[in-house]
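Engineer: Numbering (the working numbering), first residue to last: 43 to 411. Note that beta-carbon positions come from the ideal geometry of N, C-alpha and C, so glycine has one too. The structure follows.
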Amino acid sequence: MKKVLFLSHDASRTGAPILLLNLAKLLLSFNEFEIHFLLKKGGVLENNFRELATSYCLEQQKKTKFDFIKNKLFKTKSLLEDKEFLNQYHCIVSNTITNGDILGKIRTHYKGQIISYIHELEVASKTYTTANRIEIVIKNSDQFWVPSALVKKFLHREFNVKNDIIAVMPSYIESKNSLDTHRNKEIQNSFVVGGCGTIDWRKGADLFLQVANDLFLKRPNASVVFKWKGANNGIELMRLEYQIKMTNLIGKVFFESASSDLDSFYQEIDLFLLTSREDPYPLVILEAAQFAIPSLCFDTVCGSIDFIKNSDGGVVVPFLDISALSDSILSFYDNSNYRIQKGINAKQFMLNTHSNKEYVYSEFKKAIN
């Protein structure tokens, strides 16, 4: 049985670690690969990694000054320098572009194949790592996996990575029990437009509010509610709430705190609005599709255009075209049959691809070989 070591930058409840856990669960179900994890840092999902497979955390190796002194005195090797440890693996899969600080060290002591699974685009890459560390990732990776054609173009354009060593690796998301995806329309009678994620610049929570404002300027009496899940208290939320007040949208636009269980959120929305300024292949689009909810997003900046166009499960509009988004929402609002059919399309495509164990597993085996 071949061993695979997955590197994760942390164990936070964010897209990349969640998708890595989903992929690992899938691989283990076929019983052909032995999976281990190496985490740079811990996080709220650390126990999820440990429950699934043998896991190591670099942060814990050097947690205290005592540990540092002990390692020096007894010449304890870091796992990054332990040839015997590293070379037990058939390949090492580094999850995200941010692992340049450790990939160079690993390459020095590891003879096998290193695959970098890149989940970032331009702004995220510049925000979460450095140009020097990205160069280390590019130089020391034998192959690259990406979640979408958009990320593939980014790697080729910005770093001259050859297209023939970039594979589009579909994310795996376990299909929901049919009972779990029944819509709960008793909660309220309005048409609910949902958004989800942190409220930073990339996710475009401010654009979500602009779309709502534009829609109500066009149709003041529309029975539409905009609900965003994932807002954290802080200056950004304060600014959004101020704008809601100043545009008279109180009771029409809501920013709610994050939750580990999003099922109830998806059960009460009719349409998913992705206002991201940059998103490689957002998990939320797939989660919405599980509930037969169509999605909207911007072109050129969101990898979700692959899913929406291939599934015919939503609408893609020009980047930053707020009016086009509000018009599209009103089209769904005015025509329930149109909305329902787009949602069915999204869910069916999801079941055939991202929730199809055999399909995703075959793509993994093809890419790893």
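Between the Cα of Gln102 and the Cα atoms of Asn89, Phe91, Asn90 and Leu81, which residue gives the shortest distance?
Structural biologist: The residue you call residue 102 lines up with position 60 of the sequence shown. Taking only the C-alpha atoms, the option nearest Gln102 is Leu81.
Engineer: Taking the C-alpha atoms as reference points, what is the distance between Phe340 and Asp242?
Structural biologist: As a first step, residue 340 must be located in the sequence shown, where it is residue number 298. As a first step, residue 242 must be located in the sequence shown, where it is residue number 200. For Phe340 and Asp242, the distance between alpha carbons rounds to 17 Å.
Engineer: How should Thr317 be labelled, buried or exposed, when 16 other C-beta atoms within 10 angstroms of its C-beta is the threshold for buried?
Structural biologist: Mapped onto the sequence shown, residue 317 falls at position 275. Looking at its Cβ environment, which holds 16 or more other Cβ atoms inside 10 Å, Thr317 is buried.
Engineer: Under three-state DSSP, which class holds Thr96?
Structural biologist: Within the sequence shown, the letter at position 54 stands for residue 96. Strand at Thr96.
Engineer: Looking only at C-alpha atoms, which of Ala95, Ile160 and Arg175 sits nearest to Leu69?
Structural biologist: Looking up residue 69 in the sequence shown gives position 27. Ranking the options by Cα distance to Leu69, first place goes to Ala95.
Engineer: Where does Glu320 land, buried or exposed, given buried means 16+ other C-beta within 10 angstroms?
Structural biologist: Taking the sequence shown and counting its residues from 1, one reaches residue 320 at position 278. Buried: at least 16 other Cβ atoms inside 10 Å.
Engineer: Buried or exposed: where does Gln252 fall if 16 or more other Cβ atoms within 10 Å of its Cβ makes it buried?
Structural biologist: As a working mapping, residue 252 is identified with position 210 in the sequence shown. Burial call: buried.
Engineer: Taking buried to mean at least 16 other C-beta atoms within 10 Å of its own C-beta, is Lys117 buried or exposed?
Structural biologist: As a first step, residue 117 is located in the sequence shown; it is residue number 75 there, counting from the start. Interpretation of Lys117 is limited by its pLDDT of 44, a score under 50 that renders its predicted location unreliable; no figure is taken from the coordinates.
Engineer: Would you say Leu313 and Phe268 are within 7 Å of each other, going by their C-beta atoms?
Structural biologist: Reading the sequence shown from its first residue, position 271 is the one you call residue 313. Reading the sequence shown from its first residue, position 226 is the one you call residue 268. Not in contact: Leu313 and Phe268 (Cβ atoms no closer than 7 Å).
Engineer: Just confirm the distance between the C-beta atoms of Asn263 and Thr289, as a whole number of angstroms; I'd bet it's less than 8 Å.
Structural biologist: Start at 1 with the first residue of the sequence shown, and residue 263 comes out as number 221. Start at 1 with the first residue of the sequence shown, and residue 289 comes out as number 247. Going by Cβ atoms, the distance from Asn263 to Thr289 rounds to 16 Å, so no, they are not a contact pair.
Engineer: So, at 6 Å on beta carbons, what are the nonlocal neighbours of Lys112 in its own chain, with the 5 sequence-adjacent residues on each side left out?
Structural biologist: As a working mapping, residue 112 is identified with position 70 in the sequence shown. Confidence in Lys112 is poor, its pLDDT being 44 and thus under 50, which makes the residue's placement too unreliable to answer from.
Engineer: What first and last residue would you give for the alpha helix (DSSP H) that runs through Lys67?
Structural biologist: Indexing the sequence shown from 1 puts residue 67 at position 25. It spans Gly57 to Phe72 - the alpha helix (DSSP H) in which Lys67 sits, taken as one unbroken run.
Engineer: Check whether the Cβ atoms of Ser183 and Ile156 sit closer than 7 Å, and answer yes or no.
Structural biologist: Looking up residue 183 in the sequence shown gives position 141. Looking up residue 156 in the sequence shown gives position 114. Their beta carbons are under 7 Å apart, which means Ser183 touches Ile156 by this criterion.
Engineer: Let's test the definition: count the other Cβ atoms within 10 Å of the Cβ of Met392 and tell me whether it reaches 16, buried, or not, exposed.
Structural biologist: The sequence position of residue 392 within the sequence shown is 350, counting from 1. By the neighbour-count rule (16 or more Cβ atoms within 10 Å), Met392 is buried.
Engineer: Within 10 angstroms of the Cβ of Gly237, are there 16 or more other Cβ atoms? Answer buried if so, exposed if not.
Structural biologist: Indexing the sequence shown from 1 puts residue 237 at position 195. Gly237 should be labelled buried.
Engineer: Under three-state DSSP, which class holds Leu259?
Structural biologist: Here residue 259 corresponds to residue number 217 of the sequence shown, with the count starting at 1. Helix at Leu259.
Engineer: Contact check, Gly142 vs Thr171 under 8 Å by CB: the rounded distance?
Structural biologist: Residue 142 sits at position 100 when you count from the first residue of the sequence shown. Residue 171 sits at position 129 when you count from the first residue of the sequence shown. With a Cβ gap of about 6 Å, Gly142 and Thr171 count as contacting.
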